[in-house]
Amino acid sequence: MVVQRSGTAVATVLEQPLSLVVDSNDDTAGDYPPNHRHRNKRLRSDETGTRLGTSDPSRVTVPLKQSASTGASTSTMALPTPPTTTQNLINNEFGVSKTRVWMKVLDPASQKLLARVPDSTPAEIQKAVTVADAAQTAWASLPISKRKAMLFSLLGVLQQHTVDFQQSLQLEVGKTLQDAESEFERGIDAIHTACSATAEMNGKHWTTNSTETYTIHQPVGVCVIITPFNFPFMIPLWSIPYAVITGNTVVLKPSEKAPSTANLLGRCFVQAGFPPGVINIIHGSSVTVDKLLSQPLVSAVSFVGSELAGERVYEHAKATRKRIQVEVSGKNHGIVLEDASKTKTLYAIAGSAFGAAGQRCMALSVMLCVGSTKEWIDDLVQLAGSLKVGCGSDPGTEVGPLITAAAKERVEDMIDLAEAEGAEVVLDGRRYCVPEYPEGNFVGPTIITKVQTSMQCYQDEIFGPVLVCIEVDTLDEAIEIANENRYGNGCSLFTTDPVHAQTFQRKINIGQIGINVPVLAASGPVARTANKDSFLGDNECGRSPWQFFTMPKTVTALWR
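Residue numbers (full-length UniProt numbering): 1 to 560.
Okay, structure coming up:
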């Protein structure tokens with residue numbers, strides 16, 4: 001059976017409503033170099049509002065306005081509607097780049113021009129790094145209590161600008177209001193975690209009758225943070241609070257597809273009282289990344305993005321002896337046993353596979369059907385076929401567009417290739433048309449069966465609303481398939497048998513696993529624990545940032 005998709009929904013065959021808001025703390029693919037794999041979050045919203053951005057070539061101020069109805073501080077940037085000119089933030093001042101190379105930011109649903117983004121000049125890149133280096137010594141000399149106080153001040157400013165961030169995320173990334181709210185909360189949570197765990201910086205102390213030995217943790221210096229487009233608020237806050245509270249300074253290179261949210265974040269750092277040079281933002285393409293990584297004053301690089309981009313960043317940083325943490329792609333498996341709850345399992349898999357149009361590195365993109373659960377695929381097809389595809393800001397939308405036309409083309413090419421290799425497309429989302437947005441980058445939920453592990457649709461991260469299904473006979477066979485896959489981001493098991501769950505937990509060689517839930521990304525003090533080809537260098541979140549952003553030093557003193 002092949003189900004062709006159009007703009008009309010198919011009736012849901014299961015008895016409970018489906019929420020595709022699985023987790024807003026899923027990470028992403030990077031925007032460097034070209035031909036990257038993107039991640040996006042696109043769910044519905046009834047909220048519309050002021051478009052963020054600025055065409056003012058001079059400094060940008062951030063006024064606040066009191067809500068007439070509640071008296072509470074609400075945010076307003078009083079900025080013009082798109083298209084806008086994206087500015088760099090260097091030494092606490094925003095300014096228009098002198099580059100001749102500009103990139104376009106397009107609405108993924110309507111293709112309307114939202115902004116122009118600069119490929120920053122070598123002089124601008126060097127200036128950002130230089131001022132960060134110049135500010136670092138004085139910043140590190142402040143007591144940690146004062147650096148923490150600045151982060152608490154930032155929390156207050158961010159919360160005053162909640163509406164601005166939600167509107168920015170809806171506008172340039174296409175998020176629903178619910179998803180934008182969730183991302184904002186996760187970012188705030190990351191700052192609280194950084195502020196609450198400063199004891200991780202404590203050293204150790206040993207003494208004898210005549211000597212004492214102790215370790216201290218010192219900042220590494222200037223840190224470059226490279227972030228993707230689909231969580232432009234949350235993912236920078238996975239790293240920046242840890243970097244600055246440990247005494248480092250930062251140059252942020254956000255995605256060229258989500259510049260406005262990054263700049264809004266930069267304005268909030270300035271408004272919170274961070275000294276000039278502590279937080280800088282440089283916009284650009286892969287060329288800008290290369291030039292940033294070539295700066296000798298840069299000591300550490302944190303990257304979230306695609307495998308291709310991450311490998312390039314890793315090799316560049318390693319060659320110049322910089323600290324490096326890289327989080328990249330995934331191919332996450334959902335193993336379904338016959339004793340699992342059918343309804344709950346199908347809803348969980350549909351939500352994870354098709355929410356955010358599949359543009360998350362934690363999405364379940366492979367369903368391993370054990371035994372008779374292969375017969376559940378027909379119901380999954382009906383469930384996925386009932387999902388509403390459309391613009392994220394339209395009421396009722398559950399699956400939004402892919403981030404670019406190139407991303408849409410790549411996903412559809414992968415579906416074409418799967419057919420050519422002998423797989424069967426039982427739910428076809430290619431050439432999906434939303435009448436109100438004829439130019440949108442839409443691909444409907446797609447389910448592919450008769451898949452072999454040698455096929456490219458299984459080997460590669462498709463990065464769209466596509467679920468590939470493989471039939472196996474036993475749990476051990478399913479675990480073996482997942483373990484042999486080169487990615488190690490996440491894997492989930494659906495079962496009602498705790499013995500099966502314990503077997504899975506013990507045997508699976510994957511960094512993050514779920515039992516009766518889709519794999520969720522790290523949150524708060526919980527570390528990301530990707531393995532195999534899904535990460536390079538150090539992991540993020542949890543305790544890892546304290547080690548990554550500091551340099552241990554052991555001191556031994558003899559007193560006689």
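Even for Gly, the Cβ is constructed at its ideal location relative to N, Cα and C.
If you ignore the 5 residues before and after LYS104, its C-beta comes within less than 7 Å of the C-beta of LEU113 and ARG116, all in its own chain and listed in chain order. Shown here, VAL499 sits in a helix according to DSSP, grouped into three states.
Assignment of TYR458 by DSSP, reduced to helix, strand and coil, places it in the helix class. Put simply, the stretch 545-559 touches the stretch 212-226. At least three CB pairs are less than 8 Å apart.
In the structure shown, ALA272 adopts coil according to DSSP, grouped into three states. With contacts defined by Cβ atoms closer than 9 Å, SER285 and VAL101 form a contacting pair.
Membership of SER302 in the beta strand (DSSP E) is indicated by the continuous run 298-304.
Spanning the alpha carbons of PRO236 and VAL251 requires a straight line of approximately 11 Å. Straight-line measurement puts the Cα of ASN263 at about 15 Å from the Cα of GLY277. CA-to-CA, the gap between VAL173 and LEU154 works out to about 23 Å.
Per the coordinates, the alpha-carbon of GLU338 lies some 57 Å from the alpha-carbon of ALA140. Taking the CA atoms as reference points, ARG430 sits about 34 Å from GLY187. By the Cβ neighbour-count rule, ASN92 is buried, with 16 or more other Cβ atoms within 10 Å of its own.
Boundaries cannot be given for ARG360, as no beta strand (DSSP E) includes it and DSSP labels it neither H nor E.
GLN160 is classed as buried because its beta carbon has at least 16 other beta carbons within 10 Å across all chains shown. In terms of CA proximity to ASN248, SER239 leads the group GLU256, SER365, THR373 and SER239. The alpha helix (DSSP H) runs lying completely inside the stretch 394-424 and spanning 4 residues or more are 405-420, given in chain order. Ranked by Cα distance from ALA418, the first of THR404, VAL466 and ALA319 is VAL466.
With contacts defined as CB atoms closer than 9 Å, CYS491 and ILE470 fail to qualify as a contacting pair. Annotated three-state conformation of MET150 is helix, per DSSP.
As a beta-bridge residue in DSSP terms, GLY490 pairs with GLN512. DSSP lists ILE225 and ILE281 as the beta-bridge partner residues of LEU252. For THR193, no beta strand (DSSP E) run applies; the uninterrupted alpha helix (DSSP H) run containing it begins and ends at 177-196, by DSSP. The beta carbon of TYR242 lies closer than 6 Å to those of ALA194, PRO545 and PHE549 in the same chain, with the five residues before and after it left out. With a 10 Å radius around the Cβ and a threshold of 16 neighbouring Cβ atoms, CYS391 comes out buried. With a threshold of 16 other beta carbon atoms within 10 Å, ASN209 falls short and is exposed.
A residue is called buried once 16 or more other Cβ atoms fall within 10 Å of its Cβ, and PHE184 is buried on that count.
TRP559 carries a coil assignment under DSSP once its states are collapsed to helix, strand and coil. Around the Cβ of GLN505, a 10 Å sphere holds fewer than 16 other Cβ atoms; the residue is exposed. Annotated as distal: ILE481 and THR449, with beta-carbon spacing of 9 Å or more.
For the pair LEU292 and VAL313, the Cα-to-Cα distance works out to about 10 Å. TYR214 sits in a strand when the DSSP states are folded into three classes. Burial check for SER306: the Cβ neighbour count within 10 Å reaches 16 or more, so the residue is buried. Residues GLY174, PRO401, ILE403 and ASN441 of the same chain have their beta carbon placed closer than 6 Å to that of PRO108, with the five preceding and five following residues left out of the count. Boundaries of the alpha helix (DSSP H) around ARG312: 307-319. DSSP places ALA115 inside the beta strand (DSSP E), whose first and last residues are 113-118.
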